[in-house]
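Mind the numbering: the sequence shown is residues 1390 to 1520 in our numbering, read in order.
Ideal Cβ placement from N, Cα and C applies to all residues, glycine included.
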Amino acid sequence: MSFQPVFDEFWEKVKESITNKTYAKLTLAKTIGDTDLKNIYVRPVLNDGIFSLSVIARYKTEEIESFHSLDEAYIILSSYMNNPFLTALLFTTDNDITFKINKKRAGSIIEQAPTFKSPSDVILEMKEKGM
């Protein structure tokens, strides 16, 4: 069974959290084996009033930041799922949503109580500006 349809469902929750202004942050974690790439962090940013996502790839010796649209970020992040990451964690003010890939490479989504009480600063700014 492929994990991709479940990841697509997870990504819909990411988009909903941005639309509903509840998004706090997104992290890809739990790698397969010892890899150079340790984590990927995704945070919203506003550059000249234009919304994009900051994708920070944290390696053993450096961090590389790039900026992408929502659709571009989906393509980039989905390419890292299962190679090397097994887990994506979406933190919102409503709940924490975890996407996991098991040993049989099947995906699942788990929802838990929220870790964050308020959305990211950029989401708050967008809310104030009515974006």
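9 Å Cβ cutoff met for residue i and residue j
{"i": "L1475", "j": "K1489", "result": "yes"}
{"i": "I1439", "j": "I1445", "result": "no"}
{"i": "P1508", "j": "K1516", "result": "yes"}
Option nearest residue i by Cα separation, candidates the options
{"i": "V1395", "options": "N1409, N1471, D1460, F1480", "result": "N1471"}
{"i": "K1427", "options": "T1482, T1408, A1477, Y1412", "result": "A1477"}
{"i": "D1423", "options": "V1444, F1440, L1415, K1449", "result": "K1449"}
{"i": "S1443", "options": "T1482, K1414, D1397, M1520", "result": "K1414"}
{"i": "I1486", "options": "E1454, K1402, S1391", "result": "K1402"}
{"i": "D1510", "options": "D1397, G1496, K1410", "result": "K1410"}
{"i": "S1406", "options": "R1447, T1481, N1436", "result": "T1481"}
{"i": "D1483", "options": "N1491, A1495, A1502, G1496", "result": "A1502"}
Where residue i sits in the DSSP three-state scheme
{"i": "S1458", "result": "coil"}
{"i": "I1465", "result": "helix"}
{"i": "K1427", "result": "strand"}
{"i": "E1500", "result": "strand"}
{"i": "M1523", "result": "Because the chain here runs from 1390 to 1520, residue 1523 falls outside it and cannot be looked at."}
Close-in-space but distant-in-sequence residues of the same chain around residue i (CB under 7 Å, 5 per side omitted)
{"i": "Y1463", "result": "W1400"}
{"i": "Y1469", "result": "L1417, I1429"}
Residues sharing a beta bridge with residue i, DSSP
{"i": "K1404", "result": "In DSSP, K1404 forms no bridge with anything."}
{"i": "A1477", "result": "L1417, F1488"}
{"i": "R1447", "result": "N1428, E1452"}
{"i": "I1439", "result": "N1436"}
{"i": "M1470", "result": "F1474"}
Same chain only: Cβ atoms within 8 Å of residue i, ignoring 5 sequence neighbours per side
{"i": "P1473", "result": "T1420, I1421, G1422, T1424, L1426"}
Chain-order list of residues whose beta-carbon lies under 6 Å from that of residue i (same chain, five-residue window excluded)
{"i": "S1391", "result": "none"}
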